[in-house]
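Read through the structure below, which is laid out as C-alpha cells, and then see the notes.
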C-alpha cells in the first residue's frame, strides 16, 4: 500500500472510532473473479469496485478478428490456429514460452490456480471476443480440450478436424483422481493400454529409472500424453 494511502486510511480509522477495522489494498480486477469462480459471493455485492470487476462487458457487435481468420482458413488448419492461441496465452500467463507448454497436460499440473485460471480466461475473452465463464480452465483442463471447445464456440456447426479428436477422452481421464482409478482396479489397465502398441521399442535405461521414480499422478499423465502420439 502506498504511504499516502496508508496515512489517509489511518486518519479515517481514528476519526470513525471503530473498535475493530480491517484494511486491505485489493486488486479487485484479479481478486473478485477468482473469489467468485465457484459461486456468487454476497460479501462482494456491497462493494462497488467488486461489482464493477465482476460486470460482464457488453457484447461487441462485430465478429472477432480470430473468427474471421478461421473462416478464411482451410478446415484442417483451424484447430492448429486455435490451439496455438491457447498455448501461447496459457504460457504468457505463467511466464513460459509457448513451445514449453504441452497441449495435453492438465493446466493444474503446470501451476494453474484460481487466479491464473481467471487471468487466462480474460486473455482468451479478449482474443476471441467470446463471453467465457470464469470456470473455463477447470471445465476444459488441457490446452487441447480448451482449444476444441473454443473452436466450436467460434464456428458453431463446423467440424473441429484440426483439433485433437481424442481431446475429450484425455479431458475425462485428466479429471479422474488416480486414487479412484487404483481403487477400481483400472490404473494398471489404463497404463498398459497406453503403452501396448506392439511396436514400441524398449525405453533406454535412463527412462526406465525415471519411470520407476514417478508417482501415480505422473504415471497417468505420461500414459495419457503417450496415447496422443
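Numbering (the UniProt record's numbering), first residue to last: 1 to 229. Think of the CB as a built atom: it goes at the ideal place given N, C-alpha and C, for glycine as much as any other residue. In this text the structure is predicted, and so the values were computed from the model without any measurement.
Note on geometry: alpha-carbon atoms of residue 53 and residue 179 lie some 38 Å from one another. Bounds of the alpha helix (DSSP H) holding residue 122 are 114 to 128.
Between the C-alpha atoms of residue 147 and residue 83 there is a straight-line separation of about 5 Å. For the pair residue 70 and residue 130, the CB atoms are not nearer than the 7 Å cut-off. Between residue 120 and residue 97, the C-beta spacing is not below 7 Å.
According to the DSSP assignment, residue 8 belongs to the alpha helix (DSSP H) that extends over 3 to 16.
The C-alpha of residue 117 is placed about 8 Å away from the C-alpha of residue 138.
Your pair residue 107 and residue 90 checks out as a contact, with CB atoms roughly 7 Å apart and the cut at 8 Å. Exclusion of the five residues before and after residue 100 leaves 91 as the residues of its chain whose Cβ lies within less than 8 Å of its Cβ.
Membership of residue 179 in the alpha helix (DSSP H) is indicated by the continuous run 178 to 183.
Distance from the CA atom of residue 26 to the CA atom of residue 114, rounded to whole angstroms, is 16 Å.
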